[in-house]
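Listed in order, the protein sequences are those of chains C and W.
Everything in the first sequence is counted per full-length UniProt numbering, starting at 1 for the first residue and increasing by one.
Everything in the second sequence is counted per full-length UniProt numbering, starting at 1 for the first residue and increasing by one.
Ideal Cβ positions, reconstructed from N, Cα and C, are used throughout, including at glycine.
Being a predicted model, the structure only gives us computed values, none of them experimental.
Protein chains: 2
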Amino acid sequence: MKEYTKSKLNRVKRGQNRAVYDIEKINEILDAGFLCYVGYIYEGNPISIPMAYARKDDKIYLHGSTANRMLLAILQSKKTSITVMHLDGLVIARSGLHHSVNYRSATLFGSLQKIDDDNEKSDILELIVNQMIPNHWDSLRPMHQKELDRTLVVEFTIETASAKVRAEGVNDEPEDYELPIWAGVIPVKQIAEYPIADKGKPEKMNIPNHILEYYHQNKS
Amino acid sequence: MKEYTKSKLNRVKRGQNRAVYDIEKINEILDAGFLCYVGYIYEGNPISIPMAYARKDDKIYLHGSTANRMLLAILQSKKTSITVMHLDGLVIARSGLHHSVNYRSATLFGSLQKIDDDNEKSDILELIVNQMIPNHWDSLRPMHQKELDRTLVVEFTIETASAKVRAEGVNDEPEDYELPIWAGVIPVKQIAEYPIADKGKPEKMNIPNHILEYYHQNKS
Numbered sequence: 001m002k003e004y005t006k007s008k009l010n011r012v013k014r015g016q017n018r019a020v021y022d023i024e025k026i027n028e029i030l031d032a033g034f035l036c037y038v039g040y041i042y043e044g045n046p047i048s049i050p051m052a053y054a055r056k057d058d059k060i061y062l063h064g065s066t067a068n069r070m071l072l073a074i075l076q077s078k079k080t081s082i083t084v085m086h087l088d089g090l091v092i093a094r095s096g097l098h099h100s101v102n103y104r105s106a107t108l109f110g111s112l113q114k115i116d117d118d119n120e121k122s123d124i125l126e127l128i129v130n131q132m133i134p135n136h137w138d139s140l141r142p143m144h145q146k147e148l149d150r151t152l153v154v155e156f157t158i159e160t161a162s163a164k165v166r167a168e169g170v171n172d173e174p175e176d177y178e179l180p181i182w183a184g185v186i187p188v189k190q191i192a193e194y195p196i197a198d199k200g201k202p203e204k205m206n207i208p209n210h211i212l213e214y215y216h217q218n219k220s
Numbered sequence: 001m002k003e004y005t006k007s008k009l010n011r012v013k014r015g016q017n018r019a020v021y022d023i024e025k026i027n028e029i030l031d032a033g034f035l036c037y038v039g040y041i042y043e044g045n046p047i048s049i050p051m052a053y054a055r056k057d058d059k060i061y062l063h064g065s066t067a068n069r070m071l072l073a074i075l076q077s078k079k080t081s082i083t084v085m086h087l088d089g090l091v092i093a094r095s096g097l098h099h100s101v102n103y104r105s106a107t108l109f110g111s112l113q114k115i116d117d118d119n120e121k122s123d124i125l126e127l128i129v130n131q132m133i134p135n136h137w138d139s140l141r142p143m144h145q146k147e148l149d150r151t152l153v154v155e156f157t158i159e160t161a162s163a164k165v166r167a168e169g170v171n172d173e174p175e176d177y178e179l180p181i182w183a184g185v186i187p188v189k190q191i192a193e194y195p196i197a198d199k200g201k202p203e204k205m206n207i208p209n210h211i212l213e214y215y216h217q218n219k220s
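Structure representation (structure tokens):
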């Protein structure tokens with residue numbers, strides 16, 4: 001399967017020219033970030049909760065405290081979705097209506113299960129740490145059993161998904177191009193600033209290469 | 001009222017030391033961005049939809065096409081919430097468990113109404129454009145009536161809210177501070193790159209001051 005099948009749930013209704021169902025392209029959007037918005041229903045209200053995640057194959061992994069209200073609720077209700085969005089630019093048009101943003105967003109629907117096996121939990125936490133900062137896990141001390149015990153790990157299997165991507169310039173009304181109004185795109189991106197060492201030993205240590213690489217790849 | 005009253009809906013359950021109910025502090029979080037995640041329920045599933053917004057007093061304004069499925073659904077169901085989050089840094093601990101992020105997030109609950117008056121709609125669209133780029137609206141051509149007619153404007157009145165803020169260094173286990181593991185914070189932020197003029201007249205125009213100011217305030 002190279003594309004998610006379009007269904008009532010995942011079909012993009014507005015701006016279908018921007019719709020993406022291609023699995024590899026959606027995975028690229030997921031792999032470009034580590035923060036998602038998890039939807040859950042609390043007392044009848046839909047709430048979006050920002051959370052760290054990792055992707056591997058068709059799985060998205062989430063974690064939290066074993067008392068995490070949201071994770072426990074979605075495990076029970078099976079009702080959730082996951083949204084990831086990257087903002088790439090502000091689109092400045094000649095008219096208010098055609099103002100827009102350049103972005104890549106993906107919305108995922110799927111099934112959930114709790115992971116109980118300690119080795120599997122540890123492997124997943126490694127994925128989550130390394131999705132935030134590549135190659136980072138191996139520099140940490142091993143997890144204590146009591147830490148694993150108090151961590152809830154949830155596996156979300158992507159069953160269907162869609163993405164929307166806008167990556168272009170201004171689309172104004174034809175008659176507006178003659179107006180003496182500036183229009184264009186302001187690219188925006190997230191950058192990392194220089195790492196700040198914690199008090200104590202890290203102040204006297206070299207910053208590890210993988211941390212410096214993260215900084216260099218994300219700075220402007 | 002200086003604080004939102006804590007209720008079952010808005011009370012922060014995990015990390016109560018990071019909870020913020022102060023209205024001015026929550027407004028600061030809202031005013032620092034222009035993209036929110038609107039929760040809505042579609043076919044029983046909670047979905048988080050990224051949208052532009054503006055805040056004025058206790059109102060959040062959203063807009064979209066008059067055929068926008070999500071806005072129409074939340075106007076009818078009255079079930080929604082709005083989440084805004086700013087990522088400020090990666091917190092690199094000595095142990096996996098204490099990895100975290102610095103952030104400011106706010107979740108809002110309230111009531112919704114559609115705005116029908118054209119003058120009011122136009123004033124709100126001005127707020128939304130200016131929340132994205134300050135002082136921008138006055139440089140655009142006025143909206144056409146047919147554009148107003150096809151734009152749905154929704155007013156969300158904040159009835160209760162809470163925020164969570166983490167703005168500090170690493171919190172490791174006491175015994176871990178002696179480990180020879182680097183720890184610290186990598187600050188992250190969103191920046192603007194130099195504006196790219198649209199083809200035609202803008203290529204020969206000076207970039208307006210308010211656009212250059214936006215760039216200068218958001219670059220690194």
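* Around the C-beta of Lys199 of chain W, are 16 or more other C-beta atoms found within 10 angstroms, so that it is buried, or is it exposed? -> Here residue 199 of chain W is taken as the residue at index 199 of the second sequence, counted from 1. A residue is called buried once 16 or more other Cβ atoms fall within 10 Å of its Cβ, and Lys199 of chain W, having fewer, is exposed.
With three or more C-beta pairs closer than 8 Å as the rule, is the stretch 155-166 of chain W touching the stretch 18-31 of chain W? Yes, since at least three Cβ pairs between the stretch 18-31 of chain W and the stretch 155-166 of chain W fall closer than 8 Å, the two stretches touch.
Next on the checklist: Helix, strand or coil, according to DSSP, for Ile124 of chain C in the structure here?
Outcome noted: As a first step, residue 124 of chain C is located in the first sequence; it is residue number 124 there, counting from the start. If DSSP states are grouped into helix, strand and coil, Ile124 of chain C belongs with the helices.
* Asked: Taking three-plus beta-carbon pairs below 8 Å as touching, is the stretch 65-82 of chain C in contact with the stretch 106-120 of chain C?
  -> They touch, by the three-pair rule.
N- and C-terminal bounds of the alpha helix (DSSP H) containing Gln145 of chain W: Locating residue 145 of chain W in the second sequence gives position 145, counting from the first residue. Its alpha helix (DSSP H) spans residues 145-149.
*Considering Lys59 of chain C, what are the terminal residues of the beta strand (DSSP E) in which it resides?*
Within the first sequence, the letter at position 59 stands for residue 59 of chain C. Note, Lys59 of chain C: beta strand (DSSP E), 59-65.
(request) Taking only the alpha-carbon atoms, compute the straight-line gap between Tyr215 of chain W and Ala32 of chain W and give it to the nearest angstrom. (result) Locating residue 215 of chain W in the second sequence gives position 215, where the first residue counts as 1. Locating residue 32 of chain W in the second sequence gives position 32, where the first residue counts as 1. Between Tyr215 of chain W and Ala32 of chain W, the C-alpha separation is close to 15 Å.
Discussion item. Tell me the residue span of the beta strand (DSSP E) that contains Tyr37 of chain C.
Written reply: Residue mapping note: residue 37 of chain C aligns to position 37 of the first sequence, counting from 1. Where Tyr37 of chain C is concerned, the enclosing beta strand (DSSP E) stretches over 35-42.
Next on the checklist: Closest to Asp172 of chain W by C-alpha separation, out of W:Ala183, W:Pro134, W:Val165, would be which residue?
Outcome noted: Taking the first residue of the second sequence as 1, we reach residue 172 of chain W at position 172. That would be W:Ala183, whose Cα lies nearest to the Cα of Asp172 of chain W.
Within 8 Å (strictly less), CB to CB, does Leu97 of chain W reach chain C?
For this step, residue 97 of chain W is matched to residue 97 along the second sequence. Taking 8 Å as the threshold, the shortest C-beta distance from Leu97 of chain W to chain C falls below it.
query: Quick one, which of W:His210, W:Lys189, W:Lys8, W:Asn206 has its alpha-carbon nearest Val101 of chain W's?
result: To locate residue 101 of chain W, count along the second sequence from 1; it is residue 101. Residue W:Lys189 is the option with its Cα nearest to Val101 of chain W.
Who does His99 of chain W pair with in a DSSP beta bridge?
As a position in the second sequence, residue 99 of chain W is number 99, starting the count at 1. BP columns for His99 of chain W are empty, so no partner.
Select from C:Ala197, C:Leu125, C:Pro208 the residue whose C-alpha is nearest the C-alpha of Arg150 of chain C. Position 150 of the first sequence holds residue 150 of chain C. For Arg150 of chain C, the nearest C-alpha among the options comes from C:Leu125.
Exercise for review: With DSSP as the reference, label Ser77 of chain W as helix, strand or coil.
Suggested key: Residue numbering aside, residue 77 of chain W sits at position 77 when the second sequence is read from its first letter. Correct three-state label for Ser77 of chain W: helix.
Can you find the residues in the same chain that come closer than 8 Å, C-beta to C-beta, to Tyr40 of chain C, ignoring five residues on each side of it along the sequence? Translated into positions along the first sequence, residue 40 of chain C becomes position 40. Excluding positions up to five away in sequence, the list reads Pro46, Ile47, Ile49, Met70, Ala73, Ile74, Ser77, Lys79, Thr80.
Checklist line | Interface partners of Asn130 of chain W on chain C, CB under 7 Å | finding: Indexing the second sequence from 1 puts residue 130 of chain W at position 130. Simply none; closest approach about 10 Å.
Output the distance between the C-alpha atoms of Leu212 of chain C and Ala52 of chain C, rounded to the nearest integer angstrom. In the first sequence, residue 212 of chain C corresponds to position 212, counting from 1. In the first sequence, residue 52 of chain C corresponds to position 52, counting from 1. Their Cα atoms are separated by approximately 21 Å.
| Inter-residue CB distance, Val91 of chain C and Val170 of chain C (contact presumed, cutoff 8 Å) | For the purposes of this step, residue 91 of chain C is identified with residue 91 of the first sequence, where counting begins at 1. For the purposes of this step, residue 170 of chain C is identified with residue 170 of the first sequence, where counting begins at 1. Between Val170 of chain C and Val91 of chain C the Cβ distance is about 6 Å, and since that is below 8 Å, they are a contact.
- Task: Return the residues of the stretch 175-188 of chain C that lie within a Cβ-Cβ distance of less than 7 Å from chain W, sorted by chain order.
- Result: Those residues of the stretch 175-188 of chain C that come within reach of chain W (Cβ to Cβ, closer than 7 Å) are Asp176, Tyr177, Leu179, Pro180, Ile181, Trp182, Ala183, Gly184, Val185, Ile186, Pro187, Val188.
Fill in: Reference Asn209 of chain W; option with closest CA among W:Asn135, W:Leu127, W:Leu140, W:Asp117
Taking the second sequence and counting its residues from 1, one reaches residue 209 of chain W at position 209. Nearest C-alpha to Asn209 of chain W: W:Asn135.
Problem - N-terminal and C-terminal residue of the alpha helix (DSSP H) that Leu30 of chain W is part of - result: Walking along the second sequence from the start, residue 30 of chain W turns up at place 30. Per DSSP, Leu30 of chain W belongs to the alpha helix (DSSP H) from 23-31.
Report yes if the CB atom of Asp88 of chain W is closer than 8 Å to the CB atom of Tyr103 of chain W, and no otherwise.
Here residue 88 of chain W refers to the residue found at position 88 when the second sequence is read from its first residue. Here residue 103 of chain W refers to the residue found at position 103 when the second sequence is read from its first residue. Yes; because the gap between Cβ atoms is below 8 Å, this pair is in contact.
Could you check whether Glu43 of chain W and Leu108 of chain C sit closer than 8 Å to each other, using their CB atoms as the reference points? Here residue 108 of chain C refers to the residue found at position 108 when the first sequence is read from its first residue. Here residue 43 of chain W refers to the residue found at position 43 when the second sequence is read from its first residue. Cβ distance not < 8 Å, so Leu108 of chain C and Glu43 of chain W don't count as in contact.
message = For Gly44 of chain C, would you say it is in contact with chain W, using Cβ-to-Cβ distances shorter than 8 Å as the test?
response = Taking the first residue of the first sequence as position 1, residue 44 of chain C is located at position 44. Yes - at least one Cβ of chain W is within 8 Å of the one on Gly44 of chain C.
task = Give me whichever residues DSSP pairs with Thr157 of chain W in a beta bridge.
result = Indexing the second sequence from 1 puts residue 157 of chain W at position 157. According to DSSP, Thr157 of chain W bridges with W:Lys59, W:Ser111.
Exercise for the section: Can you have a look at Ala106 of chain C and say buried or exposed, based on whether 16 or more other CB atoms are within 10 angstroms of its CB? Expected result: For this step, residue 106 of chain C is matched to residue 106 along the first sequence. The residue in question, Ala106 of chain C, is buried, as its Cβ has 16 or more Cβ neighbours within 10 Å.
Who are the near neighbours of Tyr4 of chain W in its chain, counting only those whose CB is closer than 7 Å to its CB and skipping five residues on each side?
Residue mapping note: residue 4 of chain W aligns to position 4 of the second sequence, counting from 1. Asn10, Tyr21, Ile23, Thr160, Ala161, Ser162, listed in sequence order.
What would DSSP say about Asn68 of chain W, mapped onto helix, strand or coil? Residue 68 of chain W sits at position 68 when you count from the first residue of the second sequence. Here DSSP, grouped into helix, strand and coil, assigns Asn68 of chain W to coil.
- [ ] Could you list the residues in the stretch 8-35 of chain C with a C-beta less than 8 Å from some C-beta on chain W, going in chain order?
- [x] Within the stretch 8-35 of chain C, the qualifying residues are Lys8, Leu9, Lys13, Arg14, Leu35.
Nearest by alpha-carbon distance to Ile196 of chain C: which of W:Ile29, W:Val38, W:Ile26, W:Ala93 is it?
Residue 196 of chain C sits at position 196 when you count from the first residue of the first sequence. Per the Cα distances, W:Ala93.
Exercise for the section: Can you tell me which of the three DSSP states Arg104 of chain C falls into? Expected result: Numbered from its first residue, the first sequence carries residue 104 of chain C at position 104. Here Arg104 of chain C carries a strand assignment [DSSP, helix/strand/coil].
- Query: Which residues in the same chain have their Cβ closer than 6 Å to the Cβ of Val129 of chain C, if we skip the five residues on either side of it in sequence?
  - Reply: Numbered from 1 along the first sequence, position 129 holds the residue referred to as residue 129 of chain C. The beta carbon of Val129 of chain C lies closer than 6 Å to those of His136, Trp137 in the same chain, with the five residues before and after it left out.
| Can you give the Cα-Cα distance for Arg14 of chain C and Ala67 of chain W, rounded to whole angstroms? | Numbered from its first residue, the first sequence carries residue 14 of chain C at position 14. Numbered from its first residue, the second sequence carries residue 67 of chain W at position 67. Roughly 8 Å separates the two Cα atoms.
Counting only Cβ-Cβ distances shorter than 8 Å, please list the residues of the stretch 95-122 of chain C near chain W, keeping chain order. Against chain W - using a Cβ distance shorter than 8 Å - the residues of the stretch 95-122 of chain C are Ser95, Gly96, Leu97, His99, Val101, Tyr103, Ser105, Thr107, Phe109.
- Return no unless some Cβ of chain W is closer than 8 Å to the Cβ of Thr5 of chain C. As a working mapping, residue 5 of chain C is identified with position 5 in the first sequence. No, no contact with chain W.
Q) Taking DSSP as the reference, what is the three-state secondary structure of Val129 of chain C? A) Position 129 of the first sequence, counting from 1, holds the residue named residue 129 of chain C. In the structure shown, the three-state DSSP call for Val129 of chain C is helix.
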